[in-house]
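Position one of the sequence shown corresponds to residue 1317 (our numbering), numbered consecutively onward.
Glycine included, every Cβ here is placed at the ideal spot set by N, Cα and C.
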Amino acid sequence: MDTPIFAATLQPHRSLSPFGLSLLLGFVGVVGLAVSIPFYLMGAWPIAGFMGLDVALIYFAFRYNNAEARAYEQVFLSRIELLFRSVNWRGIIREARFNPHWTRLEKEEHPEFGLEKLSIVQGRAKVEIGACLGREERADFAEAFQRALLESKR
1317 MDTPIFAATL QPHRSLSPFG LSLLLGFVGV VGLAVSIPFY LMGAWPIAGF MGLDVALIYF
1377 AFRYNNAEAR AYEQVFLSRI ELLFRSVNWR GIIREARFNP HWTRLEKEEH PEFGLEKLSI
1437 VQGRAKVEIG ACLGREERAD FAEAFQRALL ESKR
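The structure is reproduced here in structure tokens:
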């Protein structure tokens, strides 16, 4: 690949760090324990088990969410090639290569919600890009990528 005009790595945003997850699970566990002790003492011991089940379900939900955060997309644009690489949370890589002179950026916009979908299109080949981004981030990326794509065609 030639010298890149544009290079970007797109990753989903996760607001809760591993330390924050530990704090959250600790808090939920303590609250669950505090709530279940009186029920256990009254003889309603199954409630304590269900409170533990709640903590386990929250843990597995966040674990899955953090695993999904390992997914990313990379875009490399030079004057002779556009490379799009998508890596899912399991590490499976999907690549698509395009000629930037025949490539365009297709945008699907909603009048009320803004930019909803971005795709790289060349002929019949179409690859969605930036699905992990929020609408504002997607719009910023689209603007920067569109400028770089026009620059590569000069």
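Check                                                                                                                                                                     : Outcome
Tell me, to the nearest whole angstrom, how far the beta carbon of PHE1400 is from that of ILE1445; I am working on the premise that it is less than 8 angstroms.         : 6 angstroms
Secondary structure at HIS1329, three-state DSSP: helix, strand or coil?                                                                                                  : coil
If you run the structure through DSSP and keep just helix, strand and coil, what is ILE1445?                                                                              : strand
Given 8 angstroms as the limit, is there contact between the region 1348-1359 and the region 1425-1441, that is, 3 or more CB pairs closer than that?                     : no
Pull up the distance between the alpha-carbon of GLY1368 and that of TYR1380, whole angstroms please.                                                                     : 19 angstroms
Pull up the distance between the alpha-carbon of LEU1373 and that of GLY1430, whole angstroms please.                                                                     : 35 angstroms
Please specify which runs of the beta strand (DSSP E), each continuous and at least 3 residues long, are wholly inside the region 1352-1417, giving them in chain order.  : 1388-1393, 1398-1403, 1409-1414
I need the DSSP call for GLU1428, collapsed to helix, strand or coil.                                                                                                     : coil
So, using beta-carbon positions, are PHE1414 and GLU1389 closer together than 9 angstroms?                                                                                : no
Among GLY1439, LEU1341, GLY1365, PRO1334, which residue has its Cα nearest to the Cα of TRP1418?                                                                          : GLY1439
For PHE1376, count neighbouring C-beta atoms within 10 Å of its own C-beta (all shown protein chains included) and say buried if the count is 16 or more, exposed if not. : exposed
Residues in the same chain with beta-carbon distance under 8 angstroms from LEU1326, minus the five sequence neighbours each way, listed in chain order, please.          : TYR1388, GLU1389, GLN1390, VAL1391, ILE1445, GLY1446, CYS1448, LEU1449, PHE1457
Any heavy atom of the ligand ADP closer than 8 angstroms to the CB of VAL1347?                                                                                            : Judged by which ligands are present, the structure shown has none, so any question about the ligand ADP falls away.
Less than 8 angstroms between C-beta atoms, sequence neighbours within five positions excluded: which residues of the same chain meet that for ARG1416?                   : A small correction: the amino acid at residue 1416 is Pro; Arg does not occupy that position in the sequence shown. Correct list, in chain order: LEU1393, SER1394, ARG1395, ILE1396, GLU1397, LEU1398, LEU1465, SER1468, LYS1469.
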